[in-house]
Amino acid sequence: MFAQENLNDVLSNGIRTVVIDPGHGGKDPGCHGGITNEKTVVLAIGLKLGEYIKSKYPHIKVIYTRDSDKFVELDQRAKLANDNHADVFISIHANAAGSAAYGTETYVLGLHRTESQEQVAERENSTILFEENSDEKYKDFELTPDAIIARQLQLSVFLNQSINLASKIQAQFKGIGRRDRGVKQAGFIVLYKTTMPSVLIETGFLTNSSEEKFLHDPVNQIKMANVIFKAFQEYVAEIEGVNTLVENGAGFEASIEEIKQSDENEKIVFKEEKDKVYFKVQVETSRVPLSVNHKRFNNVAVKEYKQDGLYKYTAGLFENDFQAANEYKVEMQSIGFEYAFVVGFVNGKRIPIAEAIKLAKK
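Quick note: to get this note's numbering, add 109 to the position in the sequence shown (first position is 1).
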């Protein structure tokens with residue numbers, strides 16, 4: 110009854126509140142690539158999407174589940190949307206799989222149909238491992254097929270709207286040349302708990318080096334936000350039953366031009382913060398300095414540091430995450446860096462790996 114009344118309210122009064130949910134954050138980095146992580150990429154996209162919506166639709170209230178690098182529990186993200194009677198919930202993520210996987214996909218709540226869809230849901234749901242007392246909190250919560258089907262029936266009035274929005278998002282991604290992996294269903298906790306049309310967007314694969322470079326680029330983050338914004342405009346127009354000009358977000362072209370003209374962005378880097386522990390993968394050592402574009406680096410982005418009179422080159426940057434760095438080391442070895450190994454840094458200086466691991470655990 111509540112769901113039907115709420116949908117009728119949306120259809121009659123239009124979109125009044127949208128919740129934007131940049132996934133992960135804080136102590137939960139999400140998935141890693143070699144030069145960035147999920148929490149950083151999706152926050153940039155989410156914040157820009159919110160700016161665009163606020164500018165074109167001043168009557169629509171935009172709420173972020175997080176607007177900075179902080180950790181927010183999964184059930185609190187859904188609770189925020191439910192408590193504010195949101196009309197749309199948009200959760201933004203980045204994907205992880207084999208190094209060859211690429212493209213975008215948008216999810217609604219449902220039963221997974223492939224093992225890969227199940228793995229995506231399990232990875233995004235693993236955020237609960239960072240929550241305090243998660244065993245107690247979720248002890249009676251099971252995403253069994255029966256439970257998901259029952260929940261789908263409860264929220265059936267929203268499902269078509271969720272699929273509608275998801276389809277528009279994927280069509281817009283395809284329009285800028287992104288591979289369309291389709292609209293899919295899976296058992297995401299955050300979608301299970303929201304009571305409004307809800308989608309979860311996987312913007313690309315950070316485990317694919319080309320996709321990671323694309324998503325790490327501030328210009329492309331703006332483009333991704335703009336694509337989602339265009340789909341949102343189509344959705345709003347359809348709900349409100351009006352014709353509207355689907356346009357770029359306010360300042361879209363100017364923002365891109367500003368970034369392109371900035372010398373600081375000629376080489377995109379992940380800034381290392383003071384007193385934090387970073388793990389990198391050392392791939393080469395040389396007695397003479399090498400260009401970072403040298404053919405020996407096989408198109409992998411590297412950084413140089415000097416130690417004991419030798420020039421050393423590292424790939425990847427993993428804050429407090431030795432496991433992710435070790436996995437990246439294996440990937441580097443598989444593409445030809447046979448002697449790659451993990452090194453630890455604090456404040457720009459290399460420290461013994463055992464000490465780095467110990468500090469990271471603190």
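Even for Gly, the Cβ is constructed at its ideal location relative to N, Cα and C. It should be emphasised that the depicted structure is a prediction, and the values quoted were computed from it without experimental measurement.
CA-to-CA distance, residue j to residue i, given in whole angstroms
i      : j      : result
Glu455 : Phe406 : Correcting the residue type first, residue 455 is Val in the shown sequence and not Glu. About 24 Å.
Glu381 : Val266 : 47 Å
Gln185 : Asp178 : 16 Å
Tyr216 : Lys293 : 5 Å
Asp384 : His141 : 21 Å
Pro461 : Tyr344 : 54 Å
Asn374 : Lys470 : At Asn374 the pLDDT is 48, less than 50, meaning the model places this residue with poor confidence and gives no usable figure here.
Leu324 : Gly313 : 7 Å
Tyr422 : Lys277 : 43 Å
Gly135 : Tyr420 : 34 Å
Ala463 : Glu447 : 22 Å
Val451 : Pro131 : 30 Å
Glu393 : Ala449 : 7 Å
Glu147 : Glu349 : 34 Å
Ile331 : Tyr173 : 17 Å
Gly473 : Arg459 : Absent from the structure is residue 473, since the part of the chain shown begins at 110 and ends at 471.
Ala190 : Phe198 : 7 Å
Ala433 : Glu320 : 18 Å
Asn122 : His168 : 12 Å
Lys188 : Gly286 : 35 Å
Ile466 : Lys438 : 16 Å
Gly457 : Ile444 : 27 Å
Gly284 : Leu309 : 19 Å
Tyr166 : Lys412 : 43 Å
Val150 : Val401 : 24 Å
Any chain C beta carbon closer than 8 Å to residue i
i      : result
Ile124 : The chain inventory of the structure shown lacks chain C, comprising one protein chain alone.
Pick from the options that is closest to residue i, judged by C-alpha positions
i      : options                        : result
Thr353 : Tyr166, Gly360, Gln342         : Gln342
Phe388 : Phe198, Asn402, Asp430         : Asp430
Ser271 : Ser307, Thr303, Ile237         : Ser307
Glu311 : Lys467, Glu393, Asn408, Gln228 : Gln228
Ser164 : Ser443, Ala359, Val150         : Ala359
Asn193 : Asn357, Glu231, Thr304, Gln281 : Thr304
Ala472 : Gln391, Arg396, Glu428         : As shown, the chain starts at 110 and ends at 471. That puts residue 472 outside it, with no answer to give.
Gly155 : Arg175, Lys415, Ile169         : Arg175
Tyr211 : Lys415, Gly457, Arg288         : Arg288
Asn408 : Ala424, Ser395, Gly418, Asn273 : Ala424
Ile129 : His403, Leu315, His202, Thr145 : His202
Asn204 : Leu218, Leu426, Val397, Glu231 : Glu231
Phe427 : Ile444, Gly453, Asn402, Val439 : Gly453
Val171 : Phe180, Leu158, Val181         : Leu158
Gly418 : Pro398, Val355, Thr126         : Pro398
Glu396 : Lys404, Glu241, Tyr414         : Sequence check: residue 396 is Arg here, not Glu. Looking at the Cα atoms, Tyr414 is the closest of the given residues.
Lys302 : Leu218, Ala206, Leu274         : Leu218
Phe239 : Glu440, His133, Leu274, Lys404 : His133
Val181 : Asp137, Gly143, Ala206, Gly207 : Asp137
Ile124 : Glu241, Val351, Ala363, Ser400 : Val351
Glu440 : Gly207, Val150, Val151         : Gly207
6 Å CB neighbourhood of residue i in its chain, flanking five on each side removed
i      : result
Phe361 : Asn335
Tyr161 : Phe338, Gly358
Ala346 : Thr353
Ala153 : Gln330
Gln281 : Val336, Lys339, Ala340
Glu195 : Glu is not the amino acid found at residue 195; the sequence shown has Ala there. The answer, listed in chain order, is Thr126, Val128, Met305.
Val386 : Asn429, Val455, Ala465, Leu468, Ala469
7 Å Cβ shell around residue i - same chain, five flanking residues per side excluded
i      : result
Lys369 : Val328
Leu183 : Thr236, Ile237, Ile298, Val299
Gln442 : Ala449
Asn435 : Val451
Gln416 : Arg459
Arg290 : Gly212, Thr213, Glu214
Ile144 : Glu321, His325, Phe379, Ala410, Gly425, Leu426
Per DSSP, cross-strand counterpart(s) of residue i
i      : result
His202 : Glu311
Thr353 : Its beta-bridge partners do not exist; DSSP assigns none.
Lys383 : DSSP output for Lys383 lists no bridge partner at all.
Asp289 : Thr213
Gln294 : Val217
Ser364 : Note: Ser364 sits in no beta bridge, so no partner.
Ser395 : Tyr420
Thr126 : Lys170
Phe388 : Phe427, Gly453
Ile331 : None, per the DSSP bridge assignment.
Ile460 : Gly453
Beta-carbon proximity list for residue i, same chain, < 8 Å, skipping 5 on both sides
i      : result
Ala209 : Asn317
Residue i CB to nearest heavy atom of the ligand FAD below 7 Å
i      : result
Gln442 : Within the structure as shown, the ligand FAD is missing, as the structure has no ligands at all.
**Request:** Return the chain-ordered ranges of every beta strand (DSSP E) run that is complete within the region 409-458 and spans a minimum of 3 residues.
**Result:** The qualifying runs are 412-416, 419-428, 450-455.
**Message:** So within the region 129-166, which uninterrupted alpha helix (DSSP H) runs reach at least 4 residues, ignoring any that extend past its ends?
**Reply:** If we require 4 residues or more, the alpha helix (DSSP H) runs fully inside the region 129-166 come out as 147-165.
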